[in-house]
Structures are given as C-alpha cells and as structure tokens.
Amino acid sequence: MCGIFAYLNFNVQRERRYILEVLFNGLRRLEYRGYDSAGISIDSQVADQSEGSPTLLVFRQEGKIESLVRAVYEEADLLDLNLEESFSIHAGIAHTRWATHGVPSPRNSHPQSSGPENDFLVVHNGIVTNYEVLKETLLRHGFTFESDTDTEVIPKLAKFVFDRANDGEGSQIVTFSQVVLEVMRHLEGAYALIFKSPHYPNELVACRRGSPLLLGVKELSDDSTNSTPFHEAKFPTNNGHPKELFFSSDANALIEHTKRVLLIEDDEVVHLKDGGVSILKFDHNNARSHGGLPRPASVQRALSVLEMEVEQIKKGNYEHFMQKEIHEQPESLTTTMRGRLICGGSSKAKSVLLGGLKDHLKTIRRSRRIVFIGCGTSYNAALAARPFLEELSGVPVTMEIASDLLDRQGPIYREDTTVFVSQSGETADTLLALQYALENGALCVGITNTVGSAIARNTHCGVHINAGCEIGVASTKAYTSQIVVMTMLALAVGADTISSQARRVAVIDGLFDLPNKVREVLKLNEELKDLAKLLVQEESLLMFGRGYNYATALEGALKVKEVALMHSEGILAGEMKHGPLALVDETLPIIVIATHDSCFSKQQSVIQQLHARKGRLIVMCTKGDAPLVCPSGSCRVIEVPHVEDCLQPVVNIIPLQLLAYHLTVLRGYNVDQPRNLAKSVTTQ
776 MCGIFAYLNF NVQRERRYIL EVLFNGLRRL EYRGYDSAGI SIDSQVADQS EGSPTLLVFR
836 QEGKIESLVR AVYEEADLLD LNLEESFSIH AGIAHTRWAT HGVPSPRNSH PQSSGPENDF
896 LVVHNGIVTN YEVLKETLLR HGFTFESDTD TEVIPKLAKF VFDRANDGEG SQIVTFSQVV
956 LEVMRHLEGA YALIFKSPHY PNELVACRRG SPLLLGVKEL SDDSTNSTPF HEAKFPTNNG
1016 HPKELFFSSD ANALIEHTKR VLLIEDDEVV HLKDGGVSIL KFDHNNARSH GGLPRPASVQ
1076 RALSVLEMEV EQIKKGNYEH FMQKEIHEQP ESLTTTMRGR LICGGSSKAK SVLLGGLKDH
1136 LKTIRRSRRI VFIGCGTSYN AALAARPFLE ELSGVPVTME IASDLLDRQG PIYREDTTVF
1196 VSQSGETADT LLALQYALEN GALCVGITNT VGSAIARNTH CGVHINAGCE IGVASTKAYT
1256 SQIVVMTMLA LAVGADTISS QARRVAVIDG LFDLPNKVRE VLKLNEELKD LAKLLVQEES
1316 LLMFGRGYNY ATALEGALKV KEVALMHSEG ILAGEMKHGP LALVDETLPI IVIATHDSCF
1376 SKQQSVIQQL HARKGRLIVM CTKGDAPLVC PSGSCRVIEV PHVEDCLQPV VNIIPLQLLA
1436 YHLTVLRGYN VDQPRNLAKS VTTQ
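1459 is the number that my numbering gives the last residue of the sequence shown; the numbers go up by one with no jumps.
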C-alpha cells in the first residue's frame, strides 16, 4: 500500500519538464500497489544561496496519476512556471496514497506539510500509531492541522525540532539528518519516510522502520575525475561524479533507471547531500547525545544488484498484468525449481537441494511442531502444502494467520520451527509475528519472493521463491511457486526416511513435468471465458474443496472476491452438512473440486447430495472422470490433467484464476488495481 518515489540529479543538467516526467513515471510504476490519490513536490527555482532558499511547489490530487499529471501542467500554466528551466542539482519527491486516516482528497494526499511555508515536507508509507498524542502536543505549541492524516504530525514535528534547535540563531546549527533522527525518536508504528525542506536545499533524507524503502544509484560518465567509482565504494561516500539518485518503496520503479540499489534497513537514516550518501543508524538506547540532538556515527554499506529486467514490469502482448502473470506460470515454476531438483540416473539419485536450509534441516526434523504463518494467499499456499509436509516429516504441522496469532499471543516454543510465508517479504502482520517467534526462541524460516526483504533478512534461514516480478495485486504465479517451494521443503525434510523414498521419487518426477501440465491447463482459457459469461450477473459463488484442495477452494474464492468484486466463499466439503447445505438451491452456482485423489469418493458423495437438492453445479475433475462425477450430464465440467495429489493444487487453481480474471473484465472492473486493496499490506 502507498508508494514512495524520489529523484535527485547531481552535477547533470535536467529540465523541470524532465524532472516532472521522471517523478510521474516513478508513480506509474507503483500504481499496482493500490492507491486513491497522488502528489509531488518540486522546487520553484534553482537553489541559489545568495538569493535564499527556493520555494517548494506542492501538487496533490485525488484519483489516478493521470489526474495529477493534468492538474500539475494546468497549474504550471497558471503560475507561468518555466518547464524548460534547467537544474544541475534538484530533489523532487512523489507519492501515491492508499487511505487509512482520512478520506481520499487533495488535503489528505501527500506530501504532507509542516505549514503554509512548507518548511518541511514528508511522504509516508505506513501508520504512526501514536499520532494522536503527538498531535495534541503540537496543538498546544500553536500548530494547526489541515488534514485528517496521521502523517501530518511528522513534518510539523520536524519543524518543531528544527525551530527549537536553532532557537532564533541566524545560522543553522543542526543537520537535516539530525532533525530526522530526533523526529524518529518520537514516532511509534511502521513507516518509510522521505523528507524535503527549503532549509536544506537539494538534500533529501529517508528513513524506515517496518516499511520497505530502497535507494537506487545511477552513475553517469565523467572523465574529469579519477576518484573511486560510486558503485565500487562503500557508503558513506561522495566522489563528485554526475549521478542520479532515487528512492522508492518498490524495485519496480527503479529498474528502468538502474539495477544498483541499497536495501535500506530498519532504523537506518539515509542522507543525500552534495552528491554523496551518508547512512546513519538510529539507536533506541542512545537516541540523544549530551542532551542535544542525536549525533550517531555513519555506518558502511555496499550496493546490491537487482535480479530483474525491465521487461518484467511491462505487459507485453497482454491486456493486464494479472493475465500476463497467469500465463507466465509455466516459466515461473521452471525458474522456481531450477537448480533445486536433482535428477540422477537412478531413483536414489533423485533429490532436492535447498541451499538456504541445508544447515538447518536436522533442527527442523527434530522440531516439536512446524508452524506455518502467513496472511491471505500466502496462508492458502501453506495450507495446500501442509498435508505433504506432515506425511514426509512425521512432525505435526499447524497453521496460523499472522494477525490472529498476535491477537491471541498464541504459544510458540523453542522447540518449534516457524515458517513465514510472504510474497513481498514485508507484510506487516507477518513481520510482527516473526518478531514474536524470535523473542520466543523458535527457529524461523522465511519463504518470500523478494531478495533482501525484511522477512528474508530477519529469519534464520529460508528459500527465495524466485517466481519473478508480480505486478497484479491478485497474486497468481507467486501462489503456485510458493506451493512448489513448500513441496520441495517437505521433500528435503523427509529425505532421510527410507519408507517414503518411492513417494518422494514420484513427486520429484511430477515436479519436473509440472510446467507442461500447467501449459495444458492454460489451454482452457476460452472455456473459462465462456463460463464467466454465464456467471457474470451472479451475486454469489460457492467453492467446495477437501484434502489438498480445501486450499484451492479458499484461494479460488479469494481471487473472485478481490478482483471480480463478487461474493465468493471457499468451504471445506466435509463441513457441508454442518450449515452450508442450507444455501443450496437451483440458482446458486457451486464449484466442486473433485480431482482424483484420496478424497475423490467423498467428493463424489458431495456432488450427489448437492445434485439431489437441485444444486447448480460446476465440477472440476481429472481428465476422463466426467462420467464418474456427473453421470447424467447435468453438470458443467472442467477437466484438468492428473498430477501427484500434493501437486494437484497447483494445476487446479489455474482455471479458477482464469475464471476470476474473465469475470472481472466482463464486469468492467480494474483487474490489476482492485477496489480498496493494495499489493503489499505493510500496515496493520
């Protein structure tokens, strides 16, 4: 949720129009995260110390980014703003907002300001949990508030700190980073912040605590200096080379500019000044120095290289990112398994290699229990993998929704292995649950799709899903790759069990062939589009699953809910007679997942009972099983290829993903940006 982007050019001439377009394009790359308003800030003039600090221009608009673009250029005309004016150094900030405190409106959009003079501006991703207390304090000191946001306390607090530190002095006695560090001392909650101020022209300061933020570095050629290249130096550094620097809450907004990034860590403050980067560490235990503002020492960090390409953030020949990502699943599954499945000449040589777990497998095998922890789609993926992990490990596997675990303060023991599943690796509730598990001494395993994410950094070990960039809010390829990773986890944990060797070999063979099975399922696209046409006017849809495919019913229903905005419910088929059966009549469409596995005969019984009550049935079955599940021919049947039972959820979810996609398009909704939802839930 929310998107942060900033751009600073140093020792390279850039026109105001160019700067605006960089900021607008950065926001466009963040659109998929979900938002309801947007805003930017740039300078009104070239910063010249002899003429004083430039006035900061702030533009904010409710609605889509293109509305902001139009509003900015219209206001530029009214202000007679020279779009061709050139800057050798300039810092601009931008933001897309997903409303939490206050309705979508220009006054609640970011950047939020310290007051009429815009002494401090802030863009913010996250939530300040103690903002009411801070607001009361600032009101007593004469500040007035214009918005309903929690964010507005941050720039006003920065101005309060700055004014008190200078205390009427004619010259500055505090640095920009010191002001930000003092602001952090008062803030509670999760946030990523970027500060801009006319008191510190051409400088930006960013910090984070619990919300993702990256720094991108793009060096431009300069033959006039022989100093160490920026990308080869450890921070802090300032070599004077021409360069462009970027802040973003998401790598997608950086990849078209540079692959060289710094993954900013919790409680780090990054200060851009004079073309250099300084990194300071906020110290909770020593936040103030000698009664004044904090003066922490700089820390050294090195740049990382993004493992993604510009093509991954483009739609290609597809109309929507969700459509593209559904059809990318054969390739994403292949990438997920590459180098991890070992297939020798004999059955004994078939194995799984998960390098991130190899030193911890013995501990996992000796665990008292394995606890899967996640939210939404990631929780469903873990639920799909649970039976196979229990089967091969012999260890009890329990499921926890991260927020519920925290609400209950459920017991976590030192003898437990806790597995944290998150596509982004930054999900707020999952991160808090991780901290809780660490405090209780459990072994913590991370399964994420984002290298360098908070979960990847803070767990003891883990596996990178490697499904590739996922832009659509509704997770598709990450879900199927998560199931495959957790299946490989089960194979690795159970590798020392002799009695399961034949089963393991069969599953490994099934994994090798899985991308081909998925390609086969994708050929059902037109069939699912026709089904969507029949269901487009419906108000509700039930899905019944059992065993491995209870998770499929939950995830399929979730997809229909989140993108098609249609009520849908995934139901454990074994619970059908304990209430849900009362809903059945000849009008309510019901999807029953009845592929051939150990629950097949039970699902046949469910179909018979629903048919006896004139249920409007759609049955997903294994190819060739249509006469067994619908002997009278009165059901609509979706036939999918047979795979090993633990892999069937990967195959079975794809028709439901396609159904949800086509329902959304037919109903006229935005597939990639569902109403009220965001890609990464980085606030509670």
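Just so it is clear, CB atoms sit at the ideal spot from N, CA and C, and this is done for glycine as well.
The model shown is predicted, which means the values in this text are computed figures rather than measured ones.
Within the chosen definition, does the segment 808 to 822 reach the segment 833 to 843 through at least 3 CB pairs nearer than 8 Å?
With a cut-off of 8 Å, the segment 833 to 843 and the segment 808 to 822 count as touching, because enough Cβ pairs lie within range.
Check whether the segment 1145 to 1157 touches the segment 1270 to 1286, taking contact to mean three or more Cβ pairs, one atom from each stretch, closer than 8 Å.
no
Classify GLN1312 as helix, strand or coil using the three-state DSSP reduction.
coil
Is the Cβ-Cβ distance between VAL898 and ALA1028 less than 9 Å?
No, the pair does not count as a contact, with Cβ atoms beyond the cut-off.
Going by DSSP, name the residue or residues bridged to LEU1181.
LEU1181 is not bridged to any residue.
What residue does the beta strand (DSSP E) around ILE1346 start on, and which one ends it?
1342 to 1347
Helix or strand or just coil, what does DSSP make of PRO1171?
coil
Under the three-state reduction of DSSP, which class applies to GLN788: helix, strand or coil?
If DSSP states are grouped into helix, strand and coil, GLN788 belongs with the strands.
For SER1380, which residues from the same chain have a beta carbon less than 8 Å from its beta carbon, with the 5 sequence-adjacent residues on both sides left out?
Excluding residues within five positions, none has a Cβ falling inside 8 Å.
Since ALA1369 and CYS1396 are thought to touch, with beta carbons under 8 Å apart, how far apart are those beta carbons, to the nearest angstrom?
5 Å
Could you check whether LEU1055 and VAL992 sit closer than 9 Å to each other, using their CB atoms as the reference points?
No, the pair does not count as a contact, with Cβ atoms beyond the cut-off.
What residue ranges within the segment 920 to 962 form continuous alpha helix (DSSP H) runs of no fewer than 4 residues, ordered along the chain?
928 to 941, 951 to 961
If the criterion is Cβ atoms closer than 9 Å, does the pair ARG1087 and GLY1320 meet it?
In the sequence as presented, Arg is not what sits at residue 1087; that position holds Gln. Contact: no.
Considering PRO1355, what are the terminal residues of the alpha helix (DSSP H) in which it resides?
First-last for PRO1355: undefined, no H or E at that position.
Output the distance between the C-alpha atoms of ASP1179 and ASN1224, rounded to the nearest integer angstrom.
23 Å
Going by other Cβ atoms of all chains shown within 10 Å of its Cβ, with 16 needed for buried, is ASN1291 buried or exposed?
With fewer than 16 Cβ atoms within 10 Å of its Cβ, ASN1291 is classed as exposed.
Decide if SER1373 is buried, meaning its Cβ has at least 16 other Cβ atoms within 10 Å, or exposed.
With fewer than 16 neighbouring CB atoms inside 10 Å of its own CB, SER1373 falls in the exposed class.
Run the CB neighbour count on LEU1480, radius 10 Å, all protein chains shown included, and call it buried at 16 or more, exposed below.
Absent from the model: residue 1480. The displayed extent of the chain is 776 to 1459, so no value can be given.
Ends of the alpha helix (DSSP H) at GLY1285?
1276 to 1297
Where does TYR1323 sit, in a helix, a strand or coil, going by DSSP?
helix
Are MET1097 and THR871 close, meaning C-beta to C-beta below 9 Å?
no
Pick from VAL1259, ILE1230, HIS1102: whose alpha carbon is nearest that of ARG1161?
Taking only the C-alpha atoms, the option nearest ARG1161 is VAL1259.
Quick one: using the 10 Å Cβ neighbour count with 16 as the cut-off for buried, is ARG746 buried or exposed?
Coverage of the chain is limited to positions 776 through 1459, which leaves residue 746 absent and any answer about it impossible.
Looking only at C-alpha atoms, which of LEU1299, LEU968, THR950 sits nearest to VAL928?
LEU968
Assign LYS1090 to buried or exposed, taking buried as 16 or more other Cβ atoms, counted over all protein chains shown, within 10 Å of its Cβ.
Exposed is the label assigned to LYS1090, since fewer than 16 other Cβ atoms lie within 10 Å of its Cβ.
So, helix, strand or coil for GLY1131, using DSSP?
coil
Just to confirm my understanding: we take HIS876, look at its own chain, exclude 5 residues before and 5 after, and list those with CB closer than 7 Å. What are they?
ASP923, THR924, ASP925
Following the continuous alpha helix (DSSP H) through PHE1096, name the residue where it begins and the one where it ends.
1096 to 1102
Distance check for ALA1157 and GLU1181, CA to CA, integer angstroms please.
A small correction: the amino acid at residue 1181 is Leu; Glu does not occupy that position in the sequence shown. Roughly 18 Å between the two C-alpha positions.
GLU1245 to ASP1447, Cα distance in whole Å?
Cα to Cα, GLU1245 sits roughly 11 Å from ASP1447.
Which residue from ILE1366, LEU1340, GLY1285 puts its Cα closest to that of GLN1312?
LEU1340
Compare the beta carbon distance of LEU1297 and PRO1364 with 9 Å and say whether it is the shorter of the two.
no
In three-state DSSP terms, what is ALA874?
Note: ALA874 maps to coil in three-state DSSP.
Quick one: what's got a C-beta closer than 8 Å to ILE902's C-beta in the same chain, skipping five residues either side?
THR875, HIS876, ASP925, GLY964, ALA965, TYR966, THR1458, GLN1459
Could you tell me which whole beta strand (DSSP E) segments of length 3 or greater appear in the segment 1216 to 1250?
1218 to 1223, 1236 to 1239
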